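In our numbering, the protein residues as written are 3 to 737. Notes to accompany the following structure.
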Amino acid sequence: MRTSAAFLWLAVLSCRSTPAPKAAEPSSAAGTKTPEPAAASPAPPSPANPPATQVTGAQPAVPNAGQPEIPPAPAEPRTAAVETPRAPSPGIDLSALDRTVNPCDDFYRFACGSWLARTPIPEDRPQWGRAFSEVLERNEKVLRQILEADARGEPDPANPFARKVGDFYATCMDEEKAETASFATLQRELQAIDRIDAPRALARRVAELHRAGARAFFGFASRQDARDATHVIGGVDQGGLGLPDREYYFRDDRKSQELRGLYLDHVARMLAMTGDPHADAHAHRIFQMETMLARASLDRVARRDPYKVYHRLDRAGLLTVAPHFEWNDYFAIVGAADVQAINVAAPEFVRALDGLLARGNLDDLRTYLKWRAIEAAADTLGAKFVDERFRYTRALTGAKVLLPRWKRCVQMTDRALGEALGRTFVTTTVGAEGKAMAKEMIVNIEKAFEANLATLGWMDDAAKKASLYKLHKIDNKVAYPERWRDYAKLEIGRESLLENVLSAARFETARDLAKIGKPVDRGEWRMTPPTVNAYYSASLNEMVFPAGIMQLPFFSPEAPVASNYGGLGMVMGHELTHGFDDRGRKFDGDGNLREWWSPRVAKAYEQRAACVARQYDRYVAVDDVHLNGRLTLGENIADIGGMKLMIAALRAKRQGEPPTDVGGFDDEQQAFIAFAQVWCTNYRPEAARTQALTNPHSTTQWRVNGSVSDNPDFASAFRCARRSPMAPANRCTVW
Numbered sequence: 003m004r005t006s007a008a009f010l011w012l013a014v015l016s017c018r019s020t021p022a023p024k025a026a027e028p029s030s031a032a033g034t035k036t037p038e039p040a041a042a043s044p045a046p047p048s049p050a051n052p053p054a055t056q057v058t059g060a061q062p063a064v065p066n067a068g069q070p071e072i073p074p075a076p077a078e079p080r081t082a083a084v085e086t087p088r089a090p091s092p093g094i095d096l097s098a099l100d101r102t103v104n105p106c107d108d109f110y111r112f113a114c115g116s117w118l119a120r121t122p123i124p125e126d127r128p129q130w131g132r133a134f135s136e137v138l139e140r141n142e143k144v145l146r147q148i149l150e151a152d153a154r155g156e157p158d159p160a161n162p163f164a165r166k167v168g169d170f171y172a173t174c175m176d177e178e179k180a181e182t183a184s185f186a187t188l189q190r191e192l193q194a195i196d197r198i199d200a201p202r203a204l205a206r207r208v209a210e211l212h213r214a215g216a217r218a219f220f221g222f223a224s225r226q227d228a229r230d231a232t233h234v235i236g237g238v239d240q241g242g243l244g245l246p247d248r249e250y251y252f253r254d255d256r257k258s259q260e261l262r263g264l265y266l267d268h269v270a271r272m273l274a275m276t277g278d279p280h281a282d283a284h285a286h287r288i289f290q291m292e293t294m295l296a297r298a299s300l301d302r303v304a305r306r307d308p309y310k311v312y313h314r315l316d317r318a319g320l321l322t323v324a325p326h327f328e329w330n331d332y333f334a335i336v337g338a339a340d341v342q343a344i345n346v347a348a349p350e351f352v353r354a355l356d357g358l359l360a361r362g363n364l365d366d367l368r369t370y371l372k373w374r375a376i377e378a379a380a381d382t383l384g385a386k387f388v389d390e391r392f393r394y395t396r397a398l399t400g401a402k403v404l405l406p407r408w409k410r411c412v413q414m415t416d417r418a419l420g421e422a423l424g425r426t427f428v429t430t431t432v433g434a435e436g437k438a439m440a441k442e443m444i445v446n447i448e449k450a451f452e453a454n455l456a457t458l459g460w461m462d463d464a465a466k467k468a469s470l471y472k473l474h475k476i477d478n479k480v481a482y483p484e485r486w487r488d489y490a491k492l493e494i495g496r497e498s499l500l501e502n503v504l505s506a507a508r509f510e511t512a513r514d515l516a517k518i519g520k521p522v523d524r525g526e527w528r529m530t531p532p533t534v535n536a537y538y539s540a541s542l543n544e545m546v547f548p549a550g551i552m553q554l555p556f557f558s559p560e561a562p563v564a565s566n567y568g569g570l571g572m573v574m575g576h577e578l579t580h581g582f583d584d585r586g587r588k589f590d591g592d593g594n595l596r597e598w599w600s601p602r603v604a605k606a607y608e609q610r611a612a613c614v615a616r617q618y619d620r621y622v623a624v625d626d627v628h629l630n631g632r633l634t635l636g637e638n639i640a641d642i643g644g645m646k647l648m649i650a651a652l653r654a655k656r657q658g659e660p661p662t663d664v665g666g667f668d669d670e671q672q673a674f675i676a677f678a679q680v681w682c683t684n685y686r687p688e689a690a691r692t693q694a695l696t697n698p699h700s701t702t703q704w705r706v707n708g709s710v711s712d713n714p715d716f717a718s719a720f721r722c723a724r725r726s727p728m729a730p731a732n733r734c735t736v737w
């Protein structure tokens, strides 16, 4: 089910066919698990923008006139690579610091500089981060051990679905069967598309493809009714594109043109490998159809406005918008025969699609559907398909080599049976003490928000009262679900990986569409327990912190309080602030989309948010590519607000206790350093570019420097001179 949600971070792109989760869904939750962090980079120098820096390497020393004296670095050896990451020691990493950099000039470089200089990006990764990437790496190794035991017939006796998990993984690891059995499965799918001979048959085949997870023409899923968050309706949305974003079809810069050429060649090669004798011509026609769909699609910034993507229709209304598509046949096959209420997120897109279907010839439409089926199946096929897909995606990610097969199979199993796999995972990673501590941290973060709310002069009493109601209504979910998903009806065998993937996709589609017309299930999780991420959902008004992120360097019961707050506490503050970012503020405490602030308060908010957007517009991600301040606005507001809450909660927690000292840093300095070190990340230029153009999260250098430069507590903690880069005269703040 789609909800209005925001993630802590999103992958740039992994070398796989399943798309990364969309920020329009839970403010950090959606289908894909175990993503990777994105890219970082420089911006033009100015009081509001710290001087541009390289992605790796240390900077020369900066004079300390009027600045704090930095404690000397301890003598510690430098490590050479991150091939087998181990859990770090609790607390901040003093060896990661670059003490030649003044924290008031470039805090990201100060906190991460030595780590950046000594840490290469593994060849199979688009980027590598000290927190997300390394925790993901450790989690994958734990999951591998679980999966190999399940596959050997030594399943977890407490997990009723461990056998299915093991069978899925074992089939994935069998490359020989991928060459034969999976390809035979794909050929049957392509033959079924060849049999399309009329509009009704087309609609039915599109429904079958959607059931199996292929992204053909448009998307259909259950979704909460944004105006009545207690009910689930159907949702039709734009889709069907092969490039990462609609803008990739129209940008005229050299790199975008090169990528379009590479994509066209990729489509032709994949078609040819399935036996298409006219692959080049068909690839051009597919690209023309995708370009037509892209032209009618809303851009990512527009889609961030929940009012622009809410257009509830009844079934008859949908037939009026797109009369040339046989909707009744489609709904009958896809599994939503009785659906009546439908939100059409992008009516103009659906009208354009209807025109394409009315004018297009059947051969072209069949060819397009074949491509969508091939693209969806590529990761399950033989080496030549997997290698060709990687040849294309490396232009987006910069990765040098393909992930090893076991990692791809761990990720694929997690996507297919994430909660079944997660049942065993959580028994090895999260204890009762850690879960209780995390819940206490959430309470303290919420108290900090409540205290701050009372001080805001731009809000009237009515808005404060309504915001307080919303705060108290937030549902917090920690570590793992109270009720696990039932996979009893999912059939998994050991013959064909593609059959298993299709079976899992059909199971999930049926489970999702069965929600339509029913009350919302507020016990469901939209992220699997091993996921290294967190999310806030505006329509559910909930925060979710999976077991995957409740580990070092984010959190540990053995870690100092300050580093726990700078890590997981900052994540909690970030997700809480999403409830009141430029999207979240449009949903009330019950999850309904409505205007619950006065026009005066809303205008005051928009003025503050515009300041944040302008600030981040100035930051450069890579080369000449700037961040998009409007696309990243919600995440930037969440970072700035989350930091304020984190420090306030830490102060309240430590009140009356003796101060601590780690490496010469006091509690608040430790918390800021812990926050920054979560985001220490080296990027490949391709990954940085893709993130800046498509991702609602700023690159990591600016997640750190942008938010600390807007925080007066940071300037006080590090005794920064006024107008130094991290303490500008004019700050942007919303909450």
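Glycine included, C-beta positions come from ideal geometry on N, C-alpha and C. Values in this document were obtained by computation on a predicted structure and should not be read as measured data.
Which class does residue i belong to by DSSP, given the choice of helix, strand or coil?
i, result
"R1", "Residue 1 falls outside the range modelled here, since the chain spans only 3 to 737, and no answer is possible."
"W130", "strand"
"Q657", "coil"
"Y171", "helix"
"H280", "coil"
"V64", "With a pLDDT of only 30 at V64, under 50, the local geometry of the prediction cannot be trusted, and the value read off the model is given with reservation. Three-state DSSP puts V64 in coil, outside helix and strand."
"R524", "coil"
"F427", "helix"
"Q342", "coil"
"A456", "coil"
"H233", "strand"
"G666", "coil"
"R361", "helix"
"D316", "strand"
"D227", "strand"
"S718", "helix"
"S299", "coil"
"P52", "Any answer about P52 is weak, because its pLDDT of 30 lies below 50 and its placement is not dependable; what the coordinates show is given next. Three-state DSSP puts P52 in coil, outside helix and strand."
"S726", "strand"
Going by the beta-carbon positions, is the gap between residue i and residue j smaller than 8 Å?
i, j, result
"L320", "V238", "yes"
"Q657", "I94", "no"
"A231", "S541", "yes"
"S726", "C114", "no"
"I518", "V208", "no"
"D477", "N543", "yes"
"A216", "A375", "yes"
"V1", "P559", "Residue 1 cannot be examined here, being either before or after the span of the chain that is shown, 3 to 737."
"G586", "M648", "no"
"L355", "P246", "no"
"S700", "N638", "yes"
Cα separation between residue i and residue j?
i, j, result
"P122", "A214", "38 Å"
"W460", "V603", "7 Å"
"A218", "Q290", "15 Å"
"Y537", "G433", "21 Å"
"G131", "D227", "37 Å"
"N446", "D307", "31 Å"
"P555", "P92", "7 Å"
"R524", "D488", "16 Å"
"G550", "G362", "47 Å"
"G436", "V546", "15 Å"
"E125", "R686", "10 Å"
"E501", "A153", "18 Å"
"T511", "R202", "21 Å"
"Y621", "R197", "52 Å"
Considering only DSSP beta bridges, list what residue i is partnered with.
i, result
"N478", "M545"
"Y618", "Per DSSP, none; premise fails for Y618."
"G241", "For G241, which the question treats as bridged, DSSP gives no partner whatsoever."
"N684", "W130"
"L595", "F589"
"V624", "V627"
"G221", "D239"
Whole runs of the alpha helix (DSSP H) within the region 530-576, excluding any shorter than 4 residues: 563-566
Those runs of the alpha helix (DSSP H) which lie wholly inside the region 181-215 and span at least 4 residues: 185-196 and 201-213
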